[in-house]
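The listed protein sequences correspond, in order, to chains A and B. One point on numbering: in our numbering, the residue at position 95 of the first sequence is 95, and numbering is uninterrupted. One point on numbering: in our numbering, the residue at position 74 of the second sequence is 268, and numbering is uninterrupted.
2 protein chains.
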Amino acid sequence: MTTTKERILDASSELFRRQGLTGTGIKQVLAVAHAPFGSLYHHFPGGKDQLAAETIARAGSWYGQMVMEKLLSISDPVESIRAAFLAAGETLESTGYADACPIETIALEVASTNEQLRVACHEVFEAWVAGLAAWLEGGGVAPTDTRPLALTIISTLEGAFVLARVARSTGVLAATADAMALLVSDSISRASRG
Amino acid sequence: MTTTKERILDASSELFRRQGLTGTGIKQVLAVAHAPFGSLYHHFPGGKDQLAAETIARAGSWYGQMVMEKLLSISDPVESIRAAFLAAGETLESTGYADACPIETIALEVASTNEQLRVACHEVFEAWVAGLAAWLEGGGVAPTDTRPLALTIISTLEGAFVLARVARSTGVLAATADAMALLVSDSISRASRG
DNA sequence: GTCTATAAACCGATAGAC
DNA sequence: GTCTATCGGTTTATAGAC
């Protein structure tokens, strides 16, 4: 059973991802959620900022889990990384180049304008980096390499989303998939050599 | 001598970069530009959309040229790429993590909401990729590798900007600088061997 | 407690004074 | 042609009806 608050957060997640935070009105969120206007301030007394903060944390956690599950489903880490980038491209294409990272647009909008939301976005990315670094270490990457490599992989995915969405093409995800697979492969073979 | 139109475009470039397109009002742009309100519709009859389109093209061209000049100033392509990433980090830090890519926030905002501006952003990125690919070929990268490598480098830089701005740290630019230098180095040595 | 009606401010855009 | 005053619409937020 879905509660009103969950429906509101589902709607805000989708709209913020496609239109950004400042580009989305709370009335539009409530219309999509099929909730009356006043219910927003009942469930989110802090108004739009609180809605945004909870949306960032919830959508960020959901997206990170989804990506990690995809990585864990393939045993070879090099092919896992490649598959994750290609799968992101397929999702993008099948949603009309709308559904990429749920917090990226918000992150750029708030980075210099809203300290509280900036920190909320940072915490999501930091959790992703930590999770990916741990997974890389389990896959045979040297411990000193895991964090820089995780930062690079997530940065590249986020940047590829920007180029792919404005190009309406998955080419950049194919190119970055190969590059990231090569970096992971290099790192593992360097660790095994000593 | 700076014209009113140039002052308006300078102001819109800075404000759109920091606050995004939907987060910036045209009244705020004119206030920063020290221009009266009516002058916007004199110089930009198409209103905010025309202002945005010209801002994207102008700021995008300026930023691409600036980065390319930085790349050309160092002879070794591997160290050029590393230096460009590190320099971007220094600029970011010295501007309070505000001045990154001038069109990235706009690109994500308009990708699914404004077809004309989406294309304008795509054209800017496409010009950057073509310029960087040509530069890489001149540096010894195999012709078949130049475009995928250019796409990867620009994607990684754009993504690193997102993480760096919300983290208020240049660490991700240091990590990605090393990774991109490694990719370029690998590509050049692969070309020279085969 | 759920929801409607409205407030106060701001948006992009335009008409028209000078 | 430069600029001001204002339009209609929309924004977030709140007050209060039921």
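Each residue gets a CB set at the ideal place from its N, CA and C atoms; glycine is no exception.
Interface with chain A (7 Å Cβ-Cβ cutoff): B:A336 is excluded. By the beta-carbon neighbour count (other beta carbons within 10 angstroms, threshold 16), A:G23 is buried.
Contact check for A:L183 against B:A373 passes: the beta carbons are separated by less than 7 Å.
Note on A:W128: 16 or more other CB atoms within 10 angstroms of its CB, so buried under the neighbour-count rule. Within the stretch 9-26 of chain A, the residues whose Cβ lies closer than 7 Å to some Cβ of chain B are R18, Q19, G20, T22 and G23, listed in chain order. Residue contact check for B:V261 against chain A: no CB pair falls below 7 Å.
Annotation for B:R387: the continuous alpha helix (DSSP H) segment containing it runs G365 to R387.
With distances taken between CA atoms, B:G365 lies nearest to A:R147 out of A:G96, A:S39 and A:R147. Only F125 from the stretch 125-139 of chain A bring a Cβ to less than 7 Å from some Cβ of chain B.
Close to chain A, meaning a Cβ-Cβ distance shorter than 7 Å, are the following residues of the stretch 307-318 of chain B: T307, R312, C315 and H316. With respect to chain B, the C-beta atom of A:E79 has no partner C-beta closer than 7 Å. Residue contact with chain B for A:G89: absent (no Cβ-Cβ distance below 7 Å to any residue of chain B). Remark: C-beta atoms of A:E109 and B:G214 approach each other more closely than 7 Å. Of the residues A:N114, A:T144, A:E14 and A:S80, the one whose Cα lies closest to the Cα of A:Q50 is A:N114.
B:A368 is positioned such that its CB atom lies no closer than 7 Å to that of B:R276. In the pairwise beta carbon analysis, the stretch 316-336 of chain B is classified as not touching the stretch 230-245 of chain B: fewer than three pairs are separated by under 8 Å. A direct Cα-to-Cα measurement between A:S80 and A:I74 gives close to 5 Å.
Within the same chain, A133, L136, V141, L183, V184 and S187 come within 8 Å of A:L149 by CB-CB distance, once the 5 residues on both sides are set aside. B:I202 has its alpha-carbon roughly 5 Å from the corresponding atom of B:A227.
Taking 8 Å as the upper bound on Cβ-Cβ separation, chain B lies near residues R147, P148, L149, L151, T152, I154, S155, T156, L157 and E158 of the stretch 147-158 of chain A. If you check the CB distance, A:L92 and A:A84 do not come in under 7 Å.
The three-state reading of DSSP puts A:T113 in coil, since its state is none of H, G, I, E or B. The stretch 240-302 of chain B contains no complete beta strand (DSSP E) run of 3 or more residues.
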